[in-house]
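See below for the structure under consideration.
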Amino acid sequence: MTGLPAAQACLLYFDDERPAAERLAAASGLDLRPVQRHRFPDGELKLTLPVDGAGQLPARAVLLRSLYQPNDKLVELLLAARAARGLGVRHLTLVAPYLAYMRQDIAFHPGEAVSQRIVGPFLASLFDAVVTVDPHLHRVATLPEAVPAAQAVVVSGAPLLADWIVQQRPGALLVGPDGESAQWVAQAAQRHGLQHAVCTKERHGDRSVTIALPPLDVRGRAVVLLDDMASTGHTLAQATRLLLQAGAASVDVAVTHALIAPDALAALHEAGVGCFWSTDCVAHASNAVAMAPALAEAVAQVAAALE
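Those letters in the sequence shown? Residues 1 to 307, by full-length UniProt numbering.
Structural data, given as structure tokens:
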């Protein structure tokens with residue numbers, strides 16, 4: 001699709017994400033417009049999109065929705081995207097700093113719904129482009145495989161977390177809590193020439209894992225555990241205890257997506273974690289790194305492909 005100038009665009013958002021939307025609008029120059037929501041007593045949603053005096057939206061629109069606690073939000077996306085098409089939008093981009101339902105890409109037991117294969121194509125059916133940050137992919141290697149939209153763009157939080165880490169812990173040793181974290185640890189380490197390594201993990205269930213430290217000397221070192229997300233915190237807690245037992249001077253944690261509840265975060269600190277830092281992809285008290293400039297660059301990349 002061509003012939004849609006970048007200036008002819010707006011940024012749609014929901015009221016609970018206004019601060020994030022304002023940051024993205026400031027970084028991207030998009031016209032900020034709120035989507036109004038009304039919830040009926042039975043839980044149904046009614047959306048009102050921010051049309052102009054002629055009852056239309058611009059030909060190009062960007063919708064911001066981070067999909068933490070995703071279930072209601074997926075219905076919002078369905079309603080908003082379909083309505084936007086009828087109101088003049090010809091190209092619609094979803095900016096989802098956190099992309100839900102990417103964890104499961106195979107059926108581990110007979111009859112399981114493979115959520116990635118369902119939600120990914122669903123989003124691709126609604127949006128021409130999807131922009132996200134560090135999607136939690138395993139056996140599926142790339143975002144376009146999971147979300148087959150015309151454009152699927154991945155932004156990484158790891159380099160920006162690395163910038164923050166070197167300010168807080170110069171010369172830190174970066175450690176990934178498991179093999180899945182290796183890609184983000186390598187990106188972050190490369191940006192500033194930091195030493196890095198990755199633990200090995202054997203999972204016995206959602207809340208039962210066994211961790212083994214990599215073969216390196218951590219005595220007296222400031223260690224930062226880095227990963228794409230923290231949810232229960234069990235893996236990070238176990239890695240922290242092992243690192244401190246091995247002589248690490250300190251252990252901090254940096255993640256792209258802070259999905260962790262207050263009690264789980266408290267348990268991490270009890271295990272010996274000093275500071276816990278995250279990007280603002282998911283609103284959380286630990287947010288330390290702003291992703292809006294990087295997301296704005298990705299949105300501009302999508303727009304440039306249309307001209």
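Glycine included, every Cβ here is placed at the ideal spot set by N, Cα and C.
Taking residue i as part of the beta strand (DSSP E), name the residues at either end of that continuous run.
i    : result
T232 : No beta strand (DSSP E) holds T232; DSSP gives it neither H nor E.
H257 : 250-258
D31  : 31-39
R169 : Careful: R169 lies outside any beta strand (DSSP E) and carries neither H nor E.
Could you check what DSSP says for residue i in three-state terms: helix, strand or coil?
i    : result
G193 : coil
R117 : helix
T142 : coil
P177 : coil
D280 : coil
H136 : coil
V185 : helix
E297 : helix
A149 : coil
E22  : helix
L265 : helix
G274 : strand
E202 : strand
D163 : helix
Could you name the residues of the same chain whose beta carbon sits closer than 6 Å to that of residue i, not counting the 5 residues immediately before and after it, in chain order?
i    : result
V302 : T93, A129, Q151
A6   : Residue placement at A6 is flagged as unreliable, the pLDDT there being 45, under the threshold of 50; a coordinate-derived value is accordingly withheld.
A294 : V155
P70  : A100
F14  : V35
V131 : V95, V153, A298
R139 : D105
Taking the continuous alpha helix (DSSP H) assigned at residue i, which residues delimit it?
i    : result
S286 : That residue, S286, is in no alpha helix (DSSP H); it is neither H nor E in DSSP.
A246 : Careful: A246 lies outside any alpha helix (DSSP H) and carries neither H nor E.
Tell me which same chain residues have a C-beta within less than 8 Å of the C-beta of residue i, skipping the five on either side of it?
i   : result
L87 : L49, V51, G55, Q56, L57
E22 : L32
Between residue i and the rest of its own chain, which residues show a CB-CB distance below 7 Å, the 5 nearest in sequence each way excluded?
i    : result
L242 : I211, L213
M102 : Q116, P135, H136, L137, A146
K73  : R65, L67
Count the CB pairs spanning the stretch 152-159 and the stretch 238-251 that are closer than 8 Å, and state whether there are at least three. At 8 Å Cβ cutoff, the stretches do not touch.
Say whether the stretch 223-233 touches the stretch 174-182, bearing in mind that this needs 3 or more beta-carbon pairs closer than 8 Å, one atom from each stretch. Taking one beta carbon from each stretch, the stretch 223-233 and the stretch 174-182 have 3 or more pairs nearer than 8 Å; the two touch.
Counting only runs that start and end within the stretch 57-115, where is the beta strand (DSSP E) found for 3 or more residues in a row? For the stretch 57-115, whole beta strand (DSSP E) runs of length 3 or above, ordered along the chain, are 60-64, 91-96.
Pairing CB atoms from the stretch 257-268 with CB atoms from the stretch 278-290, are three or more of them under 8 Å? With the cut-off at 8 Å, the stretch 257-268 and the stretch 278-290 touch.
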